[in-house]
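Shown next, in structure tokens, is the structure this report addresses.
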Amino acid sequence: MPYEVQGVVSRAKGQPVTLETVVVPDPGPGEAVVSVQACGVCHTDLHYREGGINDEFPFLLGHEAAGRVDKVGAGVTDLAPGDYVILNWRAVCGTCRACKRGKPWYCFSTFNAEQPMTLTDGTKLSPALGVGAFLDKTLVHSGQCTKVDEAAEPAVAGLLGCGVMAGLGAAINTGAVSRGDSVAVIGCGGVGDAAIAGAHLAGATTIVAIDTDDRKLGWAKDFGATHTVNSRNLTEADVVAAMQDATHSFGPDVVIDAVGRPETWRQAFYGRDLAGTVVLVGVPTPDMKLNDLPLIDFFSRGGSLKSSWYGDCLPSRDFPMLVDLYLQGRLPLDKFVTERIGVDGVEQAFERMHHGDVLRSVVEF
Ligand SMILES: NC(=O)c1ccc[n+]([C@@H]2O[C@H](COP(=O)([O-])OP(=O)(O)OC[C@H]3O[C@@H](n4cnc5c(N)ncnc54)[C@H](O)[C@@H]3O)[C@@H](O)[C@H]2O)c1
Ligand SMILES: [Zn+2]
Ligand SMILES: [Zn+2]
């Protein structure tokens, strides 16, 4: 029997989200229904609501979730009802060119559930990042479920499903931060602080946190920032100088832009050391442009300019490992949870995110 549950839906660009009855079908072949226990509120959910990702309204929001498998469809052999899982948006196919070359984190043919979740009038919902998890039960592809140690509570574990993984991976996978490196992170929300935690875990010795909000900079220190810079009233040259001051005037080896705006990317580009790395993990909107960047600057500064999609993670490899590090006390994942809210609190959580009051609001079911 399909479920009818209350879910958080974004019906139109820029409009407040609403709670709607969502029909969740029984799982088809290769699919699973998961009882969502917790789902974090990510900035990407807000990007969807603002029309910054695409125009495929209505969206079913929520995608940073953990829960228990409720039902599995035909042919699902590696999951069973009761399994404790983190949902992911990278269920790799195993057969595309990227997968076959041994780089499955670039898989361009990832699996999502084939059946749609709908409103009661049959309108198909577009699930955020192919997940859709601000509701009691959700339908996903079985490959979107990664089993982890159930000793990690859902509100904490679920955050690995998106933003925290993206930030950790931006540092340890994409940026390949290693022992003794210097790192700067621009934008210290959930994603940026995870990048700081990742740089700390990897052994970076200098970690510069840059944000326009002093509260965020205070939290960044809890994750391992050694220096903080409030860039609210600073010019690009000032921010670059602040990065150099913290690194014996060289500039950091790796600068991670967890905001994703032309001005922050330029700070990263000019702030890093010669032949240093820029990692863009914040998501720009389609209208943003880099203007007037001299091509000679690309050439003469060398190094590597990268983007990080989901922290170049491989859920099956990274989620269990990171949960284990958390349970061993070596990765403070619980510090990302600023508040726990009900499923009716997402719109207010967007407000608090907008005002910088939270790292992560987590909806609990
Ligand atoms: N690449 C990926 O796979 C991936 C995954 C998840 C999220 N994201 C993106 O990462 C970004 C950050 O997400 P979040 O959840 O941490 O958001 P957030 O809103 O919690 O954090 C953003 C932070 O940036 C700061 N900030 C804003 N403008 C700034 C500026 N000009 N200079 C310095 N700091 C500034 C804010 O004060 C805030 O602390 C978003 O764009 C989100 O869509 C990317
Ligand atoms: Zn693939
Ligand atoms: Zn997200």
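Taking numbering that gives the first Met the number 0, the leading residue of the sequence shown gets 0, the next gets one more, and so forth.
Yeah, the Cβ is synthetic: ideal placement off N, Cα and C, and Gly gets one too.
On a predicted model such as this, the values are computed, not experimentally measured, just so you know.
Residues sharing a beta bridge with residue i, DSSP
i	result
F58	S9, S125
T276	V253, S303
K136	S34
R260	The partner list for R260 (beta bridge, DSSP) is empty, contrary to what the question assumes.
E338	S360
L354	One detail in the question is off: residue 354 reads as His in this sequence, not Leu. None, per the DSSP bridge assignment.
I209	I185, V228
Y2	V23
C144	L86
K71	According to the sequence shown, residue 71 is Val rather than Lys. Beta-bridge pairing links V71 to A31.
L118	V21
A65	A37, I85
Given residue i as reference, the closest of the options once Cα atoms are compared
i	options	result
L304	D323, G281, V277	V277
Y309	I171, H354, N229, R178	I171
V22	S307, G157, M116	M116
A274	L134, V7, G174	G174
A154	E350, A64, H46, D256	A64
F349	Y2, V7, M0	V7
I400	D148, D221, G72	Residue 400 lies beyond the stretch modelled for the chain, which goes from 0 to 364, so this question has no answer here.
V342	G301, C92, G131	G131
Y325	R339, A257, A196	A196
D180	S299, A245, P28, G129	A245
D286	G259, D272, R265	G259
E373	G27, Y2, G29, C41	Outside the modelled stretch of the chain, which goes from 0 to 364, sits residue 373, for which no answer is possible.
V71	E30, W218, V254	E30
R339	C187, L330, L358	L358
R300	H199, G157, A267, K123	A267
Y269	V282, F298, G281	F298
L330	D192, L59, G13, N290	D192
P293	R265, S307, D272, C92	R265
L200	T234, E152, G223, R214	G223
E152	C187, G344, V322, R351	V322
R351	T145, L313, R214	R214
E149	S125, D212, V91, Y83	Y83
E55	P1, P26, T122, W218	T122
S306	D291, D296, R316, V280	V280
P26	P1, G250, G13, P15	P1
G186	V147, K146, V238, T145	V238
F110	G129, L233, L124, I295	G129
Cβ-Cβ separation, residue j to residue i (assumed contact under 8 Å), whole Å
i	j	result
T119	T17	Actually they are not in contact, since the Cβ atoms of T119 and T17 sit about 13 Å apart, beyond 8 Å.
D68	V33	Going by the sequence as given, residue 68 is Val instead of Asp. At roughly 6 Å, the Cβ-Cβ gap stays under 8 Å, so V68 and V33 are in contact.
L138	P24	6 Å
V163	L332	7 Å
Environment of residue i [buried if 16+ CB atoms lie within 10 Å]
i	result
L159	buried
P261	exposed
H62	buried
F335	buried
G328	exposed
H247	exposed
V48	Reading off the sequence shown, one finds Arg at residue 48, where the question assumed Val. That one is buried.
A73	exposed
K136	buried
D252	buried
A11	exposed
H354	exposed
P28	exposed
R89	buried
T94	exposed
Residue i vs residue j beta-carbon contact at 7 Å
i	j	result
F364	I85	no
G81	Q36	no
C106	A97	yes
S141	L78	yes
A208	L216	yes
Q143	N87	yes
V190	G166	yes
A236	V184	no
A194	I255	yes
C38	V362	yes
G101	T284	no
A240	V228	no
A127	L60	yes
G188	D311	no
S108	F58	no
P103	L289	no
R231	T211	yes
T145	S315	yes
7 Å Cβ cutoff, residue i in contact with chain C
i	result
S360	The structure shown contains no chain C, having only a single protein chain.
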